[in-house]
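Everything below concerns the one structure shown next.
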Amino acid sequence: MRSPTPSEGLLADEYALEMMRAYWLAGQHRRRVVKEVFFRKAPFGGRLALAVGINQVARYLAELKLSDEDLEYIAGLGFEPEFVEHLRGLRFTGTMRAVAEGTFVFPGEPIITLVGPIEELTYVEARILNIVNPQTLVATKAFRVVEAAEGDPVIEMGLRRAQGGDASIYHSRAAYIAGVDSTSNLEAGRLFGIPARGTHAHALVMLGGDEKEAFRLWAQSQVKLGRRPTFLIDTYDTLRSGLPNAIAVAREMGIRIGAVRLDSGDLAYLSKECRRILDEAGFRDAKIVASGDLDEYVIRDLKLQKAPIDMWGVGTNMVVAADQPSLGGVYKLTAVEENGAWSPRIKVSENPEKVTHPGGPKQLIRFRSKETGYYLADLLMLPDEPLPDPAQPFLIFDPVHTWKKTLLRNFTVEDLLLTYIQDGRQLLPDQPPDKVTAAAREWVAVQRKRFYEEIQRLTNPAAYKVDLSEPLWKLKMQMLESSTRH
């Protein structure tokens, strides 16, 4: 079967068209609204997530258009010709504000804020979440793996287990932004400037059946490229054949072993024995690489056992976020324009986590201590509120337990939301994908040093303050109180 070419224009839910048609019939389709993308709960039992996919969303919005083929398909669904013809002019004419790619974000914070006609913001919902949810999830998982590795290089090796080609490429990118050092995915390397590397598979050893001969063939191939070979030594017996054969071939050829790779077995025991044998054989500079169903918990456990592993190859559990398959990011309406002003809207729920923050396009700011350089808290504000004055103490309070208050002093304020698109016009320079990716990776490294380690730890992380300004909190309480009277 010939593979069909997907249309990004049709990456939308059918009910979006139904809603758009209802707005169109009522003459409400150009009514301006505000919608926010956020998640309610941080993944993997942590406190934070790394927002990734933002630049891809901006490009999608800037290029939004339905082709003739798209419109023909929509017409076939039974929509009237007048509505289908109306869709021919569908473009994103609104404004997109969002955090920078790779920004550390917390539950309830607007990762992306869109302002524009209701029909446009309705149509793009599914694709935006389809981009941001998985990439943010994988980036956060990779960040945790990198944290567990404690500075050791991590190789992303998940292509064969990712959910499709596009997912593998963008998940490799997300992992690289989070701090992973390299990828086995050639296309991800080409597109995003990620170092591509790998070793060899068991098949190379099994092809001829003679492990030493296979290692000799491999070493000769690597030496011609000016590389020190890495040998996969667990095809038959790691300690009785694999490692001795690797050492024998290296001595025979007069070369240094780059690394030996362990892909199975008791990695703590085997790595310790390999280290001892390599050192005794004079290969103290040879590295030990571990792979095989690794995640942050296995790596941390091996670290606690003092396994002398120098590099980690992580695939399945990272690129598919095996222990949590989805992020749960949502896209909610928070305000509607009425008579030139924003009329707030709120989603009420018996579950407090699902109650939204009402109001127009909000400000999201981050306080940073001038004394320590660490981030102190985040604050959500209504659009017309002035920024806190760094020269004056500023009081923040917990939006749920309001008696919990903190007086901030000697701080700077960072505005986390950047304007990517203004009234349909792209504002940020269109940079090559590898440059954008590299900048996001550097930004993650900067933030890692600015957040307390206690907030980033894998289990039982400390809480980070995400508060509401007093005007926003009062608005929310008033609307909740009003909703109980309906």
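Residues in the sequence shown are numbered consecutively from 77, following this note's numbering. Built from N, CA and C at the ideal position, the CB exists for glycine as well. The structure presented is a predicted model; accordingly, all values stated were derived computationally and were not measured.
The beta carbon of M387 is closer than 8 Å to those of D228, P229, V230, I231, A335, K363, I364, V365, A366 in its chain, skipping five residues each way along the sequence. Around the beta-carbon of Y345, fewer than 16 other beta-carbon atoms lie within 10 Å, marking it exposed.
Per DSSP, the continuous beta strand (DSSP E) segment holding I497 begins and ends at 494 to 498. The residue from G341, M394, L370, P320 with its alpha-carbon nearest to that of G358 is P320.
According to the DSSP assignment, R337 belongs to the beta strand (DSSP E) that extends over 335 to 338. Look at D510 here: in three-state DSSP terms it is helix. Secondary structure at E139: coil, using DSSP grouped into helix, strand and coil. Restricting attention to L280, I253, L293, S248, the CA atom closest to the CA of R273 is found in S248. Close CB contacts of G85 within its chain, under the 8 Å cut and outside five residues either way in sequence, are with L140, K141, L142, S143, D146 (chain order).
Under the 8 Å Cβ criterion, the stretch 203 to 221 counts as touching the stretch 239 to 259, having at least three qualifying pairs.
Sixteen is the threshold: since fewer than 16 other Cβ atoms of the shown chains lie within 10 Å of the Cβ of R303, the residue is exposed. Here V109 is not near T189, since their CB atoms are 8 Å or more apart. In the DSSP assignment, the residues bridged to L455 are I441, D543. Here D460 is exposed, its C-beta having fewer than 16 other C-beta atoms within 10 Å. The C-beta distance from L343 to I385 rounds to 7 Å, short enough to meet the 8 Å contact threshold. Secondary structure note for S244: its alpha helix (DSSP H) is the uninterrupted segment 241 to 254. In the three-state reduction of the DSSP assignment, L551 falls in the helix class, which pools H, G and I. Among the bridge pairs identified by DSSP, T306 is matched with A335.
Counting only runs that start and end inside the stretch 102 to 169, the beta strand (DSSP E) elements of at least 3 residues fall at 108 to 115. The residue from E94, A102, L137, V113 with its alpha-carbon nearest to that of F155 is E94. CA-to-CA, the gap between G285 and M329 works out to about 21 Å. Put simply, the stretch 262 to 271 does not touch the stretch 288 to 304. Fewer than three CB pairs are less than 8 Å apart.
Judged by beta-carbon spacing, L492 lies within the 8 Å limit of L440, meaning their Cβ atoms are closer than that value. If you check the CB distance, V431 and I422 come in under 8 Å.
8 Å or more divides the Cβ of F114 from the Cβ of Q400.
In this structure, the beta-carbon distance from A322 to I309 falls below 8 Å.
Apart from the 5 residues on each side of it in sequence, P157 sits with its Cβ closer than 8 Å to the Cβ of A151 in its chain, given in chain order. Straight across, the Cα-Cα distance linking D361 with Y451 is about 40 Å.
Annotated as proximal: P210 and A243, with beta-carbon spacing under 8 Å.
Straight through space, the alpha carbons of A417 and A397 are spaced by roughly 42 Å.
Between E372 and the set L137, G122, G449, the nearest pair of CA atoms involves G122.
Selection I204, V160, S347 evaluated against L101 yields V160 as nearest (Cα-Cα). Shortest Cα-Cα distance from M394 to any of I333, T171, T259 involves T259. When the Cα atoms are used, D506 and K550 turn out to be separated by approximately 40 Å. Around the CB of V390, 16 or more other CB atoms lie within 10 Å, so the residue is classed as buried. The C-alpha of K480 is placed about 38 Å away from the C-alpha of G170.
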